[in-house]
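Enquirer: Mind looking over this structure? Questions follow.
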Amino acid sequence: MFPDEIVTPRLRLRALSREVVDPLDAYEQFAASRSDTIEEETEFVTWNPHETPKETLEFLKQAEEGHESAENAIYAVFPRDGEDGAGEFAGTAGFNPEWDKRRAVFGMWLRKEFWGRGYSGERAAAFFAAVFDVLDLDVALAYAMPENEASCRAIRKYTDRFGGQEDGLFPNETVDADGTPRDVRGWSVTREQWEDATGGDYDAAFRWEDSE
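In terms of full-length UniProt numbering, the sequence shown opens at residue 1 and continues consecutively.
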């Protein structure tokens, strides 16, 4: 159902699994005891740095199950040849389909050394085509905490590019990993807006592949 691999001009997104990213290698990036930057990288997300390798293992298992059951698509992000850090595990990106509402919610987490490269907008362009053209959904959504100015700018930029808009501030819309309600700002792009912006044919710059 979900593409197993999505290739953009600068990125290779592979369905997150224990085969794609070794659990111990992933733990090096997710754990407070291993990464010097993880506290900053998780300041505006709804999960805490991992405490044990088992926590990372369970996260990867859940990603595999979500992909297989078409409940949640999470991809490992790898810069392609020509990019600094080519082939390294740079972070995760995904979309969560809400099938009954015919919409999908985008999300992305990157290691600090890969910030500021425009990767958010690049994977969003591919995700729009995936959710509208492949999965036949009607709306794509993205949220960010108001304090996360960099993410707000990135989301505004790519939603504007594809004809979307900011939908406003949603008080207590999410809950962080410590159980504290948090406000978010939300943006959306409809399939009609995406088709008007792209002609409904925005696959020239990337490709996706399914497993046999």
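Note that the Cβ used here is the ideal one computed from N, Cα and C, for glycine as well.
#1: Taking 7 angstroms as the limit between beta carbons, can you name the residues of its chain near Glu40, skipping five residues before and five after?
#2: If you count every other CB in all the chains shown that lies within 10 Å of the CB of Ser69, and 16 or more means buried, which is it?
#3: Tell me, to the nearest whole angstrom, how far the beta carbon of Thr174 is from that of Thr46; I am working on the premise that it is less than 8 angstroms.
#4: Among the residues of its own chain, which have a CB less than 6 angstroms from the CB of Phe132, if the five just before and after it don't count?
#5: The alpha helix (DSSP H) that contains Asp25, what's its start and end?
#6: What are the start and end residues of the beta strand (DSSP E) that includes Asp167?
#7: Note down the Cα distance separating Pro181 from Phe170, rounded to an integer number of angstroms.
#8: Could you check the C-alpha separation between Leu60 and Arg123 for me, to the nearest Å?
#9: Would DSSP call Pro181 helix, strand or coil?
#10: With which residues is residue 216 paired in a DSSP beta bridge?
#11: Does the beta-carbon of Arg153 have 16 or more other beta-carbons within 10 angstroms, so that it is buried, or is it exposed?
Expert: Taking the coordinates as given:
#1: Lys112
#2: exposed
#3: 6 angstroms
#4: Same-chain partners within the cutoff: Arg191 and Trp194.
#5: Pro23 to Phe30
#6: Note, Asp167: beta strand (DSSP E), Gln165 to Val175.
#7: Cα to Cα, Pro181 sits roughly 11 angstroms from Phe170.
#8: The straight-line gap from Cα to Cα measures roughly 20 angstroms.
#9: strand
#10: This structure cannot speak to residue 216, because the chain is shown only from 1 to 212.
#11: Result: exposed.
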